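Protein chains in written order, with the numbering used here: chain A, 1 to 720; chain B, 1001 to 1083; chain C, 2001 to 2083; chain D, 3001 to 3233.
Don't be surprised by glycine CBs; every beta carbon is placed ideally from N, CA and C.
Predicted model only: the values in this text are computed from it and were never measured.
Here's the structure we're looking at; comments come further down.
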Amino acid sequence: MAISAFDPQALGLTPSECDLARALAGRELSELEWAILSVLWSEHCAYKHSRALLGRLPSEGERVLAGPGGGAGVLDIGEGWAVAAKIESHNHPSAVEPLQGAATGIGGIMRDVLSMGARPAAFLDSLRFGMPSAPRTDYLLRGVVAGIAHYGNCVGVPTVGGDLYFHPSYERNPLVNAMCVGFLRHGDLRDSAARGVGNRFLLLGARTGRDGIGGAAFASVTLREDAAEDRPRVQVGDPFLGKLMIEATLEIMDSLPVVAIQDLGAAGLAGAFLEMCAKGGVGAELWLGRVPLRERDLAPAEVLLSESQERMLLLLEPDAVQAAQAIARRLGVEAAEVGEVQDGEDIVVLQGDEVLSRLPVELFAKAPTAEIAPAPPPLAPPAPAEPRSCDGRSSLLALLASPNLCSRQSVYGRYDQDVGLRTVVRPGMDAAVLRAAPGAPGVAVATDQNPLKCSLSPRIGAALAVCEAARNVAARGAEPIGLTNCLNLGSPERPLAARQLVDVVDGIAEAARELRIPVTGGNVSLYNESGGQSIAPTPVIGMIGHLPDPERAIGVAGPRAGMRVLLLGRPAESLAGSSYAELAGVLPAPPDPPEYEALRGLLTLLVRLREEGALALAHDVAGGGLLVALAEIVTHTRLGLAVHLEEATPRYLFGEPSALCVAIAPDAQVVAAHAKALGVRVKEIGEVTEVAELSVDMPTEPHWALSLARLAEASRGDLL
Amino acid sequence: MPDYRVELRVHLRPGVLDPAGEAVGASLGHLGFAVERVEVGKLLTVDLTADGPEAAEAAVQRMAKELLVNPVLEEYVLEVRPR
Amino acid sequence: MPDYRVELRVHLRPGVLDPAGEAVGASLGHLGFAVERVEVGKLLTVDLTADGPEAAEAAVQRMAKELLVNPVLEEYVLEVRPR
Amino acid sequence: MTADVVVFPGSNCDFDAAAALSTALPGATVRRQWHADLDLSGTDLCVLPGGFAYGDYLRAGALAARSPAIAAVKALIARGGLVLGICNGFQVLVEAGILPGAFQTNSVQHFLCRDVQVRVCSTASPLLAGVREGDVLRLPIAHQEGNYRLTPPEYEHLLGEGRIALRYCGEDGQSEENPNGSYGAVAGVLGARGRVLGMMPHPERAAWPKIGRADGLRILGGAAASLAQGGVR
Ligand SMILES: Nc1ncnc2c1ncn2[C@@H]1O[C@H](COP(=O)(O)OP(=O)(O)O)[C@@H](O)[C@H]1O
Ligand SMILES: [Mg+2]
């Protein structure tokens, strides 16, 4: 074991981390060992700055079968079925090479869900870019969407939703967060803790090359001005092999005693192997010489840390290894035996007979944490005076045409939304609906976050993101039962970003507690800044709503002319943090905090109305406010709405409340009765018409109408 | 101005994964051909007019840089011919 | 047996629509480049060993016929080099 | 009757096709068969499903078309069996020379996923026993290389033989619409003896009456009716 006079701080380890490592090892470490540790203890792998804070997120709940810490959160959805879901960032790789960065983000999150024993069933993508007029936005957006389409479509998993925002702060730090949802039977749930002396590690999938060497550390580093420098590390995905991997892994898990399983992600083989051993607290040998290589001359550190895609690590009983290899071979996937669980507590890395490293497993269980020094909470600026009147019609058209509110059809129209026959409701509005299998329960899924609101108040903005995501699944009649989140922020070493980190965690924690939705996991992406400019705090929420009978979700049957249009919940009380305020130039007031009680009532009501079959459609009022929501119903259903509104004030028409929903019902009385019983405000505002237009009457304003063609033209977008 | 045809042969950078090449190589194997390696690259042909061959080459170099080639994954050679 | 590298330049047949080329040409136009035509073709590189350059060429001709080229849309030229 | 779905590496609509066939053909035996072990000796209907066989690397369908499974498919056709190629399966049949033409990238140069209308232009096949000429079906498409190319003489020839089976059209069934640029807006063609149908839209994704997507059953179920009447062997 060569001990060098090598300086581990050159790898980014702090002096105290080095001391801790030496103390745990009881000696100086070799260069190889420092290299492994520097990656394992990087922010990306170890959540140094956020781990303690994440403990504030409530993660308990009756339906939680697997909470934070595993590959994905797992929730019970009844009848022996469960759903696994996780969201993760791939921001830095996508900034450097948008197509492959996004593609490998999709592939990576898919393997996380697979590692729980679930069949990947759907993707969602949450994207953030600089304004469309910025020079690189078009290139980045096209590349990212093409990358998601490339991987998702080919691997045979539909992409059923997501969200997309433009904000100047993302100009040089685009965000690509990918979410995967999978289904499994309760009994098929797996974890990643290695156990059982003599059990064998099987490395399944792609050969190891030089892809993404140091990627984990790379993901934790602020983007340099010339990101092109980072190019050789770029990973390339192979969705074809990804598809073979899904089938091979599921078949092996189905037919053989798989003791534990983990995907290879950040820090590659070292990351997966060491984490499995550390979780199980077992000693083990890793046989580097048996790892199939794509290039001949890889150094041991490269084999250990390569982030070549499409690889999984399985732990099997020794008798099962041959059978597993046979399954893999038949499906055209390589599978190599690369290690064994052993007596004792040492992790031994071997190259042939040569011992490259022997360290106690404890060393890998204890990544150190880092203190953060948040700035004091900023003072809220005074609320500016709000406009008291407006031209509703022209403001509506302007909002519909704005990049953050226009149609996303040109994005999701490039994604296969149906493959797998689980998609009951496709993307278009609010949440998509999936069934686990024919006749089985299912879920509604959505991602949400509003950069404008979060930049005005990270804490309120984060809480509102939870509320919006909950409303979106509830608009399908689903009960929100769990959420996964991805926290995208700037450098935690700067007090302002540290403050934002604390605030977004507190905001999510508050909303999750108030709405009783457990947080089943997530991902943290820090250092999203360049040239000293940090992104708007971006806590993306991925929400899971439960539907016992997904084929009867709200919206599946759809509205017809003559049905009643109702408003459920509380109209907006201000314009703070709204798209309209931005358009009218009356920003900086922070958005109104969530009205939890009203929202709880609304969520419960929507579930009940779905059970009763009382609604033909529901659409929550969110970005753009009430008029935009009504216009979206017209463009989505291609039917008309004729409404009489109570007020003509800008805040009523364009404010963005936290607990309001438009609903369409064959019978308004039935809805009113249930709403009354639950204490939810309800107001009938009009009816569905044959004439495809939005026709609006308001007190004090002349009547106006906009045709479907006009609305569709305004919101067409031309994003791609 | 004279007419030129510029051919841009775009290869993957060494070490970059080439799943298409691997799949094609494997299929050739099944068809009974013995090959060591196949690479699937791109061939871009640009017809343009320019003051001379150097000017044509310079123009296409700029196009390569700005659009035609993805320097993260690809490298290229370029050949100018009169048309 | 000596090593050869055979390059197969695959072009679209004359008269076959080339929407990909047109799209690239249009993008170049938006970037301010004046080009007459762009064609997006394929560049296949096959490494193999053979008795001599003629044998290498003959082998790749067969591969082209059996798999690499779609004669309905494509035609090709082939170049053999020692490796 | 027996219907077999061929699974190539990278096929991804094989489960869907098998499920939809089970719905459309009650009582039939429906199997998914791995391409390398393909046995079509007892098969009445063989489906080549959608997906990205072999990643669609090189050209869509090209590598799968060179799989030994294709010989079995050809043998089935020779003895009068029925073959339905859906999306990638259509591309495979074309690359294998079983159906004429070739595919290019969609004229819009990207993947397209949405519902389209297709008009039935011929029923000269047992596979089209469930529809009538002039019927308009609403079916989803999901493809990147769906731009079907025929030369004008080829097209005229196919038209003359009644082998242009499906054409993209507008919602009214009459107006022109051509999502991917296919020659003559052709969405599906028949083999020389009407035993083979290749189509880009996905009937198996529209075999779900509970949520109002059912037109695909008219394609998948049609084969059953004619098989029940005579079988194919
Ligand atoms: N990046 C994306 N990928 C896929 N689907 C998206 C994306 N962005 C938005 N969508 C879909 O577009 C529709 C409208 O999005 P959005 O306006 O955010 O939702 P809402 O209807 O709740 O206001 C939703 O169905 C959403 O899932
Ligand atoms: Mg919504």
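Legend: CB atoms of the stretch 3105 to 3126 of chain D lying less than 9 Å from CB atoms of chain C belong to residues 3105, 3106, 3107, 3108 and 3109.
For residue 3199 of chain D, the number of other beta carbons within 10 angstroms of its own is at least 16, and it is reported as buried. DSSP places residue 486 of chain A in the strand class (E or B) of the three-state scheme. By the C-beta density criterion, residue 1001 of chain B is exposed, having fewer than 16 other C-beta atoms within 10 angstroms.
Close partners of residue 2031 of chain C in chain B (Cβ separation under 7 Å): 1066 and 1067. Distance from residue 1025 of chain B to residue 2043 of chain C at the Cβ level is roughly 15 Å; contact not present, criterion being Cβ atoms closer than 8 Å.
Within the same chain, and ignoring the five residues on either side of residue 682 of chain A in sequence, the residues whose Cβ sits closer than 8 Å to its Cβ are 566, 567, 568, 671, 672, 675 and 676. Contact annotation: in the stretch 3001 to 3026 of chain D, residues whose CB is within less than 7 Å of a CB in chain A are 3009, 3010, 3012, 3013, 3016 and 3019. Taking the C-beta atoms as reference points, residue 424 of chain A is found nearer than 8 Å to residue 550 of chain A. Against residue 1034 of chain B, chain D offers no close residue; the least beta-carbon distance is about 16 Å (beta-carbon pairs closer than 9 Å). Annotation: Cβ neighbours of residue 2037 of chain C in chain B (cutoff 7 Å, chain order): 1047. In this structure, residue 103 of chain A keeps its C-beta atom at 8 Å or more from the C-beta atom of residue 139 of chain A. For residue 240 of chain A, a Cβ of chain D is located within less than 8 Å of the residue's own Cβ.
Interface with chain A (8 Å Cβ-Cβ cutoff): residue 1017 of chain B is included.
By alpha-carbon distance to residue 322 of chain A, the top candidate from A:203, A:76 and A:99 is A:203. By the neighbour-count criterion, in which a residue is buried when 16 or more other Cβ atoms sit within 10 angstroms of its Cβ, residue 453 of chain A is buried. Proximity of chain C to residue 3059 of chain D at the Cβ level (cut-off 8 Å) is accounted for by 2070, in chain order. By the C-beta density criterion, residue 375 of chain A is exposed, having fewer than 16 other C-beta atoms within 10 angstroms.
Excluding five sequence positions before and after residue 302 of chain A, the CB atoms of its chain that fall closer than 7 Å to its own CB belong to 210 and 213, given in chain order. Within chain D, no C-beta atom comes less than 9 Å from the C-beta of residue 1010 of chain B; the nearest is roughly 16 Å away. With its beta carbon less than 8 Å from one in chain A, residue 3205 of chain D belongs to the interface.
In terms of Cβ geometry, residue 162 of chain A and residue 410 of chain A do not form a close pair [threshold 8 Å]. In this structure, ligand 1 has no non-hydrogen atom nearer than 7 Å to the beta-carbon of residue 170 of chain A.
Comparing alpha carbon positions, the residue from A:10, A:276 and A:320 closest to residue 255 of chain A is A:320. In this chain, the beta strand (DSSP E) harbouring residue 703 of chain A covers 701 to 707. Listed by position along chain A, the residues whose Cβ is nearer than 7 Å to that of residue 3168 of chain D form an empty set, because the closest Cβ is around 16 Å away. Listed in chain order, the alpha helix (DSSP H) elements of length 4 or more contained wholly in the stretch 397 to 483 of chain A are 409 to 412, 451 to 456 and 458 to 474. Secondary structure note for residue 3119 of chain D: its beta strand (DSSP E) is the uninterrupted segment 3112 to 3120. Within its own chain, the residues whose Cβ lies closer than 7 Å to the Cβ of residue 711 of chain A, once the five positions on either side in sequence are excluded, are 400, 631, 634, 635 and 694, listed in chain order.
Not one beta carbon of chain D lies nearer than 8 Å to the beta carbon of residue 1050 of chain B. The three-state reading of DSSP puts residue 3226 of chain D in helix, counting H, G and I together. Per DSSP, the beta bridge partners of residue 66 of chain A are A:74. Going by beta carbons, residue 3120 of chain D and residue 3108 of chain D fall outside the 8 Å limit.
The Cβ atoms of residue 3006 of chain D and residue 3063 of chain D lie no closer than 8 Å to each other.
Nearest in C-alpha terms to residue 3135 of chain D, of all of D:3110, D:3150, D:3101 and D:3173, is D:3173.
Residue environment: residue 408 of chain A is assigned as buried (16 or more neighbouring CB atoms within 10 Å of its CB, all protein chains considered).
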